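A.B. asks: The sequence shown runs 1 to 917 under the UniProt record's numbering.
Pasting a structure below so you can have a look.
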Amino acid sequence: VSKLSRIFFVLVYRIRSPLLPLCHATTRCYSSQSTHTTEKSVPYEKTLKQEDGISGPTKPLPKFADVVVIGGGSLGCQTLYHLCKLGMTNVVLLERDRLTAGTTWHTAGLLWQLRPSDTEVELLAHTRNVISSELEEETGLETGWIQNGGLFIASNKQRLDEYKRLMSLGKAYGIESYVLSPAETKDLYPLMNVKDLYGTLYVPKDGTMDPAGTCTTLSRAATARGATVIENCPVTGIQIKVDDLGIKRLKAVETAHGTIQTPCVVNCAGVWATKLGKMAGVNVPLIAMHHAYVVTERIEGIQNMPNVRDHDASVYLRLQGDALSVGGYEHNPIFWEDVSDRFAFSLFDLDWDVFMQHIDGAVNRVPALEQTGIKSTVCGPESFTADHKPLMGEAPEVRGFFLGCGFNSAGMMLGGGCGKELAHWIIHGRPEKDMYGYDIRRFHHSLTNNNRWIRERSHESYAKNYSVVFPFDEPLASRNMRKDPFHQVLQEQGCVFQERHGWERPGWFNRDGPAPILDYDYYSAYDVPKNNDYKYSEILGKEYTFDFPPHHYVIRDECLTCRNAVAVFDMSYFGKFYLTGPDAKKAADWLFTADVNKAPGSTVYTCMLNKRGGVESDLTISRLEPSPAHLPLTPESNGEAYYLAIGGGVAQHNWSHIQAVLQDQGFCCTLIDHTEDMGMISIQGPKSRELLQEVLDSDLSSDAFPFSTHKIVNAAGHKVRAMRLSFVGEMGWELHIPKESCLPVYHAVMAAGAKYGICNAGYRAIDSLSIEKGYRHWHADLRPDDTPLEAGLAFTCKMKTSIPFLGRKALEAQKAEGLRRRIVCFTVDEKVPMFGLETIFRNGVPVGHLRRSEFGFSIDKTIGYGYIRNPDGGVVSPDFVRSGEFTLERMGVTYKATAHLKSPFDPENKRVKGIYG
1 VSKLSRIFFV LVYRIRSPLL PLCHATTRCY SSQSTHTTEK SVPYEKTLKQ
51 EDGISGPTKP LPKFADVVVI GGGSLGCQTL YHLCKLGMTN VVLLERDRLT
101 AGTTWHTAGL LWQLRPSDTE VELLAHTRNV ISSELEEETG LETGWIQNGG
151 LFIASNKQRL DEYKRLMSLG KAYGIESYVL SPAETKDLYP LMNVKDLYGT
201 LYVPKDGTMD PAGTCTTLSR AATARGATVI ENCPVTGIQI KVDDLGIKRL
251 KAVETAHGTI QTPCVVNCAG VWATKLGKMA GVNVPLIAMH HAYVVTERIE
301 GIQNMPNVRD HDASVYLRLQ GDALSVGGYE HNPIFWEDVS DRFAFSLFDL
351 DWDVFMQHID GAVNRVPALE QTGIKSTVCG PESFTADHKP LMGEAPEVRG
401 FFLGCGFNSA GMMLGGGCGK ELAHWIIHGR PEKDMYGYDI RRFHHSLTNN
451 NRWIRERSHE SYAKNYSVVF PFDEPLASRN MRKDPFHQVL QEQGCVFQER
501 HGWERPGWFN RDGPAPILDY DYYSAYDVPK NNDYKYSEIL GKEYTFDFPP
551 HHYVIRDECL TCRNAVAVFD MSYFGKFYLT GPDAKKAADW LFTADVNKAP
601 GSTVYTCMLN KRGGVESDLT ISRLEPSPAH LPLTPESNGE AYYLAIGGGV
651 AQHNWSHIQA VLQDQGFCCT LIDHTEDMGM ISIQGPKSRE LLQEVLDSDL
701 SSDAFPFSTH KIVNAAGHKV RAMRLSFVGE MGWELHIPKE SCLPVYHAVM
751 AAGAKYGICN AGYRAIDSLS IEKGYRHWHA DLRPDDTPLE AGLAFTCKMK
801 TSIPFLGRKA LEAQKAEGLR RRIVCFTVDE KVPMFGLETI FRNGVPVGHL
851 RRSEFGFSID KTIGYGYIRN PDGGVVSPDF VRSGEFTLER MGVTYKATAH
901 LKSPFDPENK RVKGIYG
């Protein structure tokens, strides 16, 4: 038996014995309530733990602060530092024990620069800059940063393809990386077994952070700028006040040693963030789990080696001087059910039954480990979320209560970038970057206090953390949370559903019959029976490719049926809001970039902006006639009233944005949500008018029912709101239907459409059809860090009027100085799939990356949209685009691309107007 194995056997016996009675044979053990040890086991020379038993706050509490940050870990310290960097001085950090005492003190401290997200690459770059140079220059203190590089291991082609995608994206940001052969990898890391490798990705400027050194330096830099750091001061309560408009706002923070009046709190409490949120009536959807690594004895020859991520073995190897820390992500993590308030600088006993799955992979990758002993085990609590992304931003429940928690073991790595964005959020109302993927408002309010959803989705995200990130993957956990009235009938017709915002929405239609989604089986962990013969899961598995998926032709047929005949799209998950009240017109003028005060019966496509001119939303606004209430189709209104239709995946974000603007401006308005009360189908294509003329009792000619108008009509005997709109570039109508009328209307449409060759189509078809027309997708090629001018949406802005609107001043300034970036459409003649993140080169120089890409079946080409910049910092004019030679890099291979300033399909917009031929 090897030395490592002998030590494991001894440790398993000694550590597991007390745990055995906790898991009875008749009970599924989803969690462990194991006793913990306070012995110091982390591999750092210095921690901030003190043995002197100091009680009471380390400093007197002020009576008032502009911001109180709660939690002295990585995020708390980074947020405090960046608030001070942006000019705030009356800011306080409260820590219940000592800095880093919760989860930061035992973190592995790894920093990898490349991620499959442009925003995350930028966040990581800022963290690295702060830790590696900025803090030391500012304070003269070292943070403990070690630049030893990072090595990503690929055991198969798909994994290496994923790494090549990261490498290509990195070129847009100047991040040095190299794809290495097995032999080159062996030269770099002589102790590594490379016999089973397909290749590796080496990033020489990745590195390792020290938690105590980093947080100490951050706190000193912040206090030098005027901040106050108070340790040994637990928070006992949060005071909320209700203002004259009924809005809940932050009032004060309570401790046993005094109360601090403040309008703003930042919850950086890690696994304790949920408890802190409850003090304010705020849902914080995260869950605590055990997360572990072991520290080896000395390994000869390991010094100066890069950190290693072997995703296929679900293990990482962190250089620890002349040893390694070995950890990973398992499929059966232990939940920490009863989060203790007394767990400072504490660790759990390691459960070897759970951890042993990482050992084989580690020994296989570095065989020297087999003869190496274990110096210590480190098993501590970490917070995890439903999508493995942090929780940030202002909570929808209470104004002034901000979140900076749920970092899924990446709080050190993302701390600098996220701390800066959070500080900007607090001071200026919005972050600088596109932080929607971290914004708490990305989750619908019905989910954030749903324990099943939080638990299942957090488990799946944890278990799949090292899985290849494929373009069309879908979760299996907590599905069927929100279903529209068409769900069952579409499922029977082979609908393969996607999950968005808790909704099941149609993705595409499988020709091999129904593929229902089953209850989550936890990947057979915790003795949960595995879902065998699971058709939906098998279909997803076939999509695990960076090539065209096997059902590419099915999506093609849905697209071409829409272009040549007629297709019906279920878009019921859309948010459906009414804006009414005495100040509705004032609110509409201020909120929306377009002039929505056309005649009643008009529908206008518009944007909503933030103060910096960034696009917070794109949506349609329909002006309604004053009328008594006939809900859900018409709200009661004696004056102005508007119907808002918003992409369902971002409905909560839109709702919260509108409410915040109404509150900030003091508008006397009511925003009413009728999303659940109505379904919505969109009938699109050259035959849509002929079909619907048989179903609706209204004249559908262009004179009687022109584009961008709406009216209440009868459909098969049921009242519906019909809108002549299109998101696919065809003549068509949306039908907004009361819930109880959805199925009769749908069946009538399908019966009438049979002779026209109608088909069901899903959002995969919409993605392709819409990109052919150049229609934007919010949070893909249109985000809060893009302005309408940059995004080619100047036509949505009422700049020729004198009507003020939110963000107008920023747009006027940008227009005056010229665009430094703009969106451009690219087409590639070669039949190669692209998915976004491919780097754009102009005359051989990187100038940006694709945000979104799909295959356009009507033009038989791959289409991509991305924002390009001038490398010289100058204006990006149309001539700059026309005069360049462009290529796109996909997985290290470059493809010649053609740039377009107009849509490559129907650029004159004839088809939406019903002009064919």
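Cβ coordinates follow ideal geometry from the N, Cα and C atoms, glycine included.
This structure is a prediction, so every number in the text was calculated from the model and none was measured.
Measuring CB to CB, does residue 393 end up less than 8 Å from residue 441?
C.D. replies: Contact flag set, yes.
A.B. asks: Which word fits residue 883, buried or exposed, when buried means at least 16 other C-beta atoms lie within 10 angstroms of its C-beta?
C.D. replies: So residue 883 ends up on the exposed side.
A.B. asks: What did DSSP end up calling residue 779 once you bin it into helix, strand or coil?
C.D. replies: In this structure, residue 779 counts as coil in the three-state DSSP scheme.
A.B. asks: Can you tell me where the alpha helix (DSSP H) holding residue 540 begins and where it ends?
C.D. replies: Its alpha helix (DSSP H) spans residues 535-542.
A.B. asks: State the DSSP-derived secondary structure class of residue 167, mapped to helix, strand or coil.
C.D. replies: The answer is helix: DSSP assigns residue 167 an H, G or I state.
A.B. asks: Cutting at 7 Å between CB atoms, please list the residues of its own chain near residue 815, excluding the five before and the five after it.
C.D. replies: For residue 815, where only same-chain residues beyond five positions count, the Cβ hits under 7 Å are 789.
A.B. asks: Assign residue 795 to one of two classes, buried (16 or more other C-beta atoms within 10 Å of its C-beta) or exposed (fewer than that).
C.D. replies: With fewer than 16 Cβ atoms within 10 Å of its Cβ, residue 795 is classed as exposed.
A.B. asks: Helix, strand or coil, according to DSSP, for residue 394 in the structure here?
C.D. replies: Residue state, collapsed to three classes: strand.
A.B. asks: Mind checking residue 572: buried by the 16 CB within 10 Å criterion, or exposed?
C.D. replies: Its Cβ being crowded by 16 or more others within 10 Å, residue 572 is buried.
A.B. asks: Would you report the Cα separation of residue 904 and residue 854, rounded to the nearest angstrom?
C.D. replies: For residue 904 and residue 854, the distance between alpha carbons rounds to 13 Å.
A.B. asks: Using the DSSP secondary-structure output, state which residues sit across from residue 695 in a beta bridge.
C.D. replies: According to DSSP, which records beta bridges pairwise, residue 695 is partnered with nothing at all.
A.B. asks: Let me make sure I understand the geometry here. Which of 847, 899 and 506 has the alpha-carbon closest to that of residue 875?
C.D. replies: Checked all of 847, 899 and 506; the closest Cα to residue 875 is 847.
A.B. asks: If we call anything under 8 Å between Cβ atoms a contact, is residue 358 one with residue 330?
C.D. replies: A contact, by the Cβ cut-off of 8 Å.
A.B. asks: When the Cα atoms are used, what is the spatial distance from residue 562 to residue 545?
C.D. replies: For residue 562 and residue 545, the distance between alpha carbons rounds to 26 Å.
A.B. asks: Does the contact criterion of 3 or more C-beta pairs under 8 Å hold for the segment 258-276 versus the segment 61-69?
C.D. replies: Touching, per the Cβ criterion.
A.B. asks: Quick one: what does DSSP say residue 267 is sitting in, helix, strand or coil?
C.D. replies: In this structure, residue 267 counts as strand in the three-state DSSP scheme.
A.B. asks: Over the uninterrupted beta strand (DSSP E) stretch that includes residue 315, give me the two end residues.
C.D. replies: Where residue 315 is concerned, the enclosing beta strand (DSSP E) stretches over 315-320.
A.B. asks: So, residue 212 versus residue 406, is the Cβ gap smaller than 8 Å?
C.D. replies: Cβ atoms of residue 212 and residue 406: not closer than 8 Å.
A.B. asks: Between which two residues does the beta strand (DSSP E) containing residue 237 stretch?
C.D. replies: It spans 235-242 - the beta strand (DSSP E) in which residue 237 sits, taken as one unbroken run.
A.B. asks: DSSP three-state label for residue 668, please.
C.D. replies: Residue state, collapsed to three classes: coil.
A.B. asks: Beta carbon of residue 201, beta carbon of residue 166: below 8 Å?
C.D. replies: Yes; because the gap between Cβ atoms is below 8 Å, this pair is in contact.
A.B. asks: Of all the options 56, 339, 107 and 661, which has the alpha carbon lying nearest to the alpha carbon of residue 42?
C.D. replies: Residue 42 has its Cα closest to that of 107, out of 56, 339, 107 and 661.
A.B. asks: Let me know the secondary structure DSSP gives residue 405 once reduced to three states.
C.D. replies: In this structure, residue 405 counts as strand in the three-state DSSP scheme.
A.B. asks: Mind checking which residues open and close the beta strand (DSSP E) that includes residue 98?
C.D. replies: Segment: none, residue 98 is in no beta strand (DSSP E) and carries neither H nor E.
A.B. asks: Apply the 10 Å Cβ neighbour rule to residue 617 and answer buried if 16 or more other Cβ atoms are within range, or exposed otherwise.
C.D. replies: So residue 617 counts as buried.
A.B. asks: List, from N- to C-terminal side, the alpha helix (DSSP H) runs of 4 residues or more that fit wholly inside the UniProt domain "FAD dependent oxidoreductase central" (428-482).
C.D. replies: Listed in chain order, the complete alpha helix (DSSP H) runs (minimum 4 residues) inside the UniProt domain "FAD dependent oxidoreductase central" (428-482) are 451-463.
A.B. asks: Sort 344, 316, 669 and 499 by Cα distance to residue 650 and report the nearest one.
C.D. replies: Answer by Cα proximity: 499.
A.B. asks: Give the single residue among 189, 139 and 525 whose Cα lies nearest to the Cα of residue 148.
C.D. replies: Per the Cα distances, 189.
A.B. asks: Is there contact between the segment 776-788 and the segment 568-582, where contact requires at least three CB pairs shorter than 8 Å?
C.D. replies: No, the segment 776-788 does not touch the segment 568-582.
A.B. asks: What is the DSSP secondary structure of residue 797, counted as helix, strand or coil?
C.D. replies: If DSSP states are grouped into helix, strand and coil, residue 797 belongs with coil.
A.B. asks: Residue 923 and residue 92: beta carbons closer than 8 Å?
C.D. replies: Here the chain covers residues 1 to 917 and nothing more, so residue 923 does not appear.
A.B. asks: Among residues of its own chain, excluding the 5 on either side of residue 660, which ones have a beta-carbon nearer than 7 Å to its beta-carbon?
C.D. replies: Around residue 660: no qualifying Cβ.
A.B. asks: Drop a sphere of 10 angstroms on the beta-carbon of residue 156, count the other beta-carbons inside from all chains shown, and report buried for 16 or more, exposed for fewer.
C.D. replies: Answer is exposed; the Cβ neighbour count stays below 16.
A.B. asks: By the three-class DSSP mapping on this structure, what secondary structure does residue 892 have?
C.D. replies: Of the three classes helix, strand and coil, the one that applies to residue 892 here is coil, per DSSP.
A.B. asks: Beta-carbon separation of residue 609 and residue 819 under 8 Å?
C.D. replies: No. Outside cutoff.
A.B. asks: Less than 7 Å between C-beta atoms, sequence neighbours within five positions excluded: which residues of the same chain meet that for residue 204?
C.D. replies: Hits under 7 Å: 149 and 176.
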